[in-house]
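**Q**
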Amino acid sequence: MLFTGFLQWLHDTSFSVLLRESNWGEPIIESIHVLTLTLFLGFAFLLDLRLLGVCLRRRRMSEVIGQLNPWLGAGFAVMIATGVLLFIADPVAFYGDTFFRVKMLLLALAIVNIVVFNRTVGRNVAAWDANLQTPAGAKVAAILSLVLWVAIIAAGRAIAYTLPPP
Amino acid sequence: MDARKMLLPFCQWADNSWFGHGVRNSTWLFPFVEIFHLLALGVLGGTVLLVDLRLLGWRFQRDSVSELAADVQPWKIGSLVVMLVSGFFLFSSESVKMYGSSAFRIKMSFLLLAILFSFTVHRKVEMSCDPQASPFVGKCVALVSLLLWAGVGIAGRAIGIT
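Have a look at this one:
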């Protein structure tokens, strides 16, 4: 197996050993990962709630997207970077964890949802910018996003309980 | 009676209550409640950040602070309630242990200050801010708010580690 061989190699790299064996490395990285939820999940939820027309209704859709997107992007980058570091610290165990696999699958679906939204109903935001009633496509994207992020959090939390100690 | 002397009996009561036992003796109840705690963390953090970034003049510069704050207020209150309720159930499963945890004590102190500040000074400033401006006092209030809530979050994370 090429991939499991790669994970084993990654596990044996000095960087992985350093992350795994340091006392403060993992707790600090994990804390950043969890606390960035305020920025990433919080703003993603606010955007979804605006797409559903239940929050920030008096703001134009394009303004909400424009104002939140840079910070959402930054939050996402921090989530991915810290997530990758946590994975590198114990790659074989993570890969073997069912909840980790579920989380990665859901994450891929959430990204697909964003791409589809941006290429379809998100493209002509100007057309429904100030409408109190948002298009059905926007609502579908928002509900999918909310469900997927909730499931991603749940799966992520479950990893901490199922991952074998290093 | 000294209020501090009531803390230990309160922790013992929570520890011995049916919900304390329930969460402690179940394998999945603690992580299940934790998920709600985390989801509410996201929403509460998002609403706090949104208004404070506006007060700092970094986001939504063209919008009035009071309107923006009013828009997110129900979600802020709702997520705070979910945080407090889920947090209380998590606490009850190990409340006597939490009584002795300095990280937990620090978190509760920050939480008390953050809530008090949020509903007094912060609320007054966000409701009275000039629509387009980002005055110095608003920036100071936003900074204090962010520091207090960050204190809650960081000390909270420390409970799980120490």
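Chains A and B are the protein sequences, given in the same order.
Numbering-wise (the working numbering), the first sequence opens with residue 11 and increments by one.
Numbering-wise (the working numbering), the second sequence opens with residue 525 and increments by one.
Where a beta carbon is used, it is the ideal one built from N, C-alpha and C, also for glycine.
Every value quoted in this text rests on a predicted model; they were computed, and no experiment measured them.
Could you check which residue in 668/B, 535/B, 586/B has the C-alpha nearest to that of residue 640/B?
**A** Closest option to residue 640/B, judged by alpha-carbon separation, among 668/B, 535/B, 586/B: 668/B.
**Q** What are the residues of the stretch 159-173 of chain A that lie near chain B, defined by any Cβ-Cβ distance shorter than 9 Å?
**A** So the list reads 159, 160, 163, 164, 166, 167, 168, 170, 171, given in the order they occur along the chain.
**Q** Between residue 81/A and residue 49/A, which are expected to be in contact by the criterion C-beta below 8 Å, what is the C-beta distance as a whole number of angstroms?
**A** 6 Å
**Q** Could you check the C-alpha separation between residue 24/A and residue 98/A for me, to the nearest Å?
**A** Taking the straight line from one Cα to the other gives about 11 Å.
**Q** Using a 10 Å radius around the Cβ and a threshold of 16 neighbouring Cβ atoms, would you call residue 64/A buried or exposed?
**A** Classification of residue 64/A: exposed, given that the 10 Å Cβ count is below 16.
**Q** Output needed for residue 130/A: all residues of its chain with C-beta closer than 7 Å, excluding positions within five of it in sequence on either side, in chain order.
**A** 147
**Q** Once DSSP output is grouped into helix, strand and coil, what is the label at residue 11/A?
**A** coil
**Q** Where does the unbroken alpha helix (DSSP H) through residue 615/B begin, and where does it stop?
**A** Annotation: the continuous alpha helix (DSSP H) that includes residue 615/B extends over 589-616.
**Q** Cα-Cα, which of 94/A, 102/A, 138/A is closest to residue 43/A?
**A** Residue 43/A has its Cα closest to that of 94/A, out of 94/A, 102/A, 138/A.
**Q** For residue 592/B, which option in 84/A, 70/A, 85/A has the closest C-alpha, if you only look at C-alpha atoms?
**A** 70/A
**Q** Could one say the Cβ of residue 77/A lies closer than 8 Å to chain B's Cβ atoms, at least one of them?
**A** yes
**Q** Grab me the residues of residue 628/B's own chain with a C-beta within less than 7 Å of its C-beta, minus the 5 sequence neighbours each way, in chain order.
**A** 622, 683
**Q** Given this structure, state the Cα-to-Cα distance separating residue 112/A from residue 137/A, to the nearest angstrom.
**A** 37 Å
**Q** Since I believe residue 91/A is in contact with residue 173/A (beta carbons under 8 Å), could you give me their beta-carbon distance rounded to a whole number of angstroms?
**A** Going by Cβ atoms, the distance from residue 173/A to residue 91/A rounds to 20 Å, so no, they are not a contact pair.
**Q** Closer than 8 Å by C-beta to residue 574/B: which residues in its own chain qualify, once you throw out the five before and the five after it? Chain order, please.
**A** 583, 584, 592, 596
**Q** Note down, in chain order, every chain A residue with its Cβ under 7 Å from the Cβ of residue 567/B.
**A** 52, 55
**Q** Apply the 10 Å Cβ neighbour rule to residue 545/B and answer buried if 16 or more other Cβ atoms are within range, or exposed otherwise.
**A** That one is exposed.
**Q** Indicate the three-state DSSP secondary structure (helix, strand or coil) for residue 64/A in the structure shown.
**A** Looking at residue 64/A - three-state DSSP - the assignment turns out to be coil, as it is neither helix nor strand.
**Q** May I ask you to report which of helix, strand or coil DSSP gives residue 134/A?
**A** coil
**Q** Report yes if the C-beta distance between residue 568/B and residue 607/B is below 8 Å; otherwise report no.
**A** yes
**Q** Would a check of beta-carbon distances place residue 72/A closer than 8 Å to chain B?
**A** Look at residue 72/A: its C-beta is not under 8 Å from any C-beta on chain B.
**Q** Take the Cβ of residue 687/B as the centre, count every other Cβ of all protein chains shown within 10 Å, and call the residue buried at 16 or more, exposed below.
**A** This structure leaves residue 687/B out entirely; chain B is present only between 525 and 686.
**Q** For residue 579/B, would you say it is in contact with chain A, using Cβ-to-Cβ distances shorter than 8 Å as the test?
**A** It does not: the Cβ of residue 579/B has no partner Cβ on chain A nearer than 8 Å.
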